[in-house]
Amino acid sequence: MLAVAAACHAQAGEASPPPLGQAGLERLDAQASRLERLHALVVAEQGEIRFERAYGGPGVDQPANIKSLSKTVLAALVGAAIQAGIIDSPDRPVAELLGSRVPAGADPRVREITVGHLLSLQAGLERTSGANYGSWVASPDWVRDALSRPFVDEPGGRMLYSTGSSHLLSAALTRAGGESTLALARRLLGEPLDIAIPAWPRDPQGVYFGGNDMQLSPRALVRIGELYRLDGVIDGTRVLPEGWVEASWQPRGRSPWTGDGYGYGWFVTELAGEAAYYGRGFGGQALYVIPGRGLTVAITSDPEPPSPGGQFQQTLHALVEGMLGAP
142 MLAVAAACHA QAGEASPPPL GQAGLERLDA QASRLERLHA LVVAEQGEIR FERAYGGPGV
202 DQPANIKSLS KTVLAALVGA AIQAGIIDSP DRPVAELLGS RVPAGADPRV REITVGHLLS
262 LQAGLERTSG ANYGSWVASP DWVRDALSRP FVDEPGGRML YSTGSSHLLS AALTRAGGES
322 TLALARRLLG EPLDIAIPAW PRDPQGVYFG GNDMQLSPRA LVRIGELYRL DGVIDGTRVL
382 PEGWVEASWQ PRGRSPWTGD GYGYGWFVTE LAGEAAYYGR GFGGQALYVI PGRGLTVAIT
442 SDPEPPSPGG QFQQTLHALV EGMLGAP
């Protein structure tokens, strides 16, 4: 069992959320067992693991490629870096942190892009994901390539899902902190959360990939989810700045595919009548936090192509909803 410090946010006289029933957990297991792509599932309620099972793949306590769920973890790392004084604010222009990494001929609007814009995928630059992903990762300088792309919206405009935006955050953290993103992640997240963070791929300049291919176990993901459920404080240590979770879960843009809101690395939706916040990655990687029920749910799946498409995310939503709705 994984114990996590209890939340202290309930108001006096406020009714406790209904606990998960055995029927809900059995329904969850039955539905999950039918999903061939699923590898592992862990459910924590009020900080205690209520259910965990490996259906395939590495298992619940071994690192797995979480694909673009890395964006949610990177957002946590940015918050931890602000708490540690490495970055002063999400309003900081990222060009000031990147310094000489900004191309000399970049559009002047590059200097208007803030850390917050990158966290919420509102940089305004042409996406490096989708059809542009292959050429971007094949480029000799991922930072230069991302910053040299044309603007298709203004900084702070619509959500443009782009791993290049997340990678700019990794490069900014590296320069601001004077140590690698991996070292920062291990020090600012790994140590206080007591989780292992293995090395993951780097770009041609040695910057750890921002927003993709991190390796974390489902149990480690639960700890990150719990950090947010507990408003940035875990085991008595404040890891994220006060107010960071609220800011992260404030919708700033909207997914053009699902219509869900998007904050700082988290999608915002509603499941079974409950406010729910989630991160996701290619192939069925997911982390859910449902504060009203005291729940954190981590899911890992086969990360290899072909992609099951966005419909699989809806399947995972239904999985969680079935657990919530069962008596």
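Per the numbering used here, the very first residue in the sequence shown carries number 142; after that it's consecutive. Just so it is clear, CB atoms sit at the ideal spot from N, CA and C, and this is done for glycine as well. Since we're looking at a predicted model, the values are computed, not measured.
The alpha-carbon separation between L309 and G162 amounts to approximately 43 Å. Taking every protein chain shown into account, the CB of S174 has fewer than 16 other CB atoms within 10 angstroms, so this residue is exposed. Straight through space, the alpha carbons of Q426 and N206 are spaced by roughly 8 Å. A direct Cα-to-Cα measurement between G433 and Q454 gives close to 21 Å.
Between A181 and the set L362, L325 and L260, the nearest pair of CA atoms involves L362. Taken through DSSP and simplified to helix, strand or coil, E177 comes out as coil. In this structure, G188 is the residue among L169, G384, I254 and G188 with its C-alpha nearest to the C-alpha of D376. For T456, DSSP assigns no beta-bridge partner whatsoever. In this structure, P392 sits near V409, with a CB-CB distance shorter than 8 Å.
Counting the other Cβ atoms within 10 Å of the Cβ of E193 gives 16 or more, which makes it buried. Fewer than three beta-carbon pairs drawn from the region 226-234 and the region 275-284 are found closer than 8 Å, and the two stretches are therefore not classed as touching. Runs of the beta strand (DSSP E) lying entirely within the region 304-390, each at least 3 residues long, are absent. Non-local beta-carbon contacts of T322 in its own chain, meaning distances under 6 Å to residues more than five positions away in sequence, involve S311, L314, T315 and Y349 in chain order. Classified as buried, V251 has 16 or more neighbouring CB atoms from the shown chains inside 10 Å of its CB. In the DSSP assignment, R233 falls outside any beta strand (DSSP E) and carries neither an H nor an E. By a beta-carbon distance limit of 8 Å, G394 contacts Y403. Their separation comes to about 5 Å. L428 carries a strand assignment under DSSP once its states are collapsed to helix, strand and coil. For P158, the closest of I431, G451, F292 and T304 by C-alpha to C-alpha distance is I431. One thing to note: P333 has its Cβ within 8 Å of the Cβ of V380.
Less than 8 Å separates the beta-carbon of G352 from that of S307.
Cβ-Cβ separation between Q263 and G297: approximately 5 Å, consistent with a contact (criterion under 8 Å). P199 and D335 have their alpha carbons spaced roughly 20 Å apart. Put simply, the backbone Cα of E367 is about 17 Å away from that of V461. With fewer than 16 other beta carbons inside 10 angstroms of its own, W398 counts as exposed.
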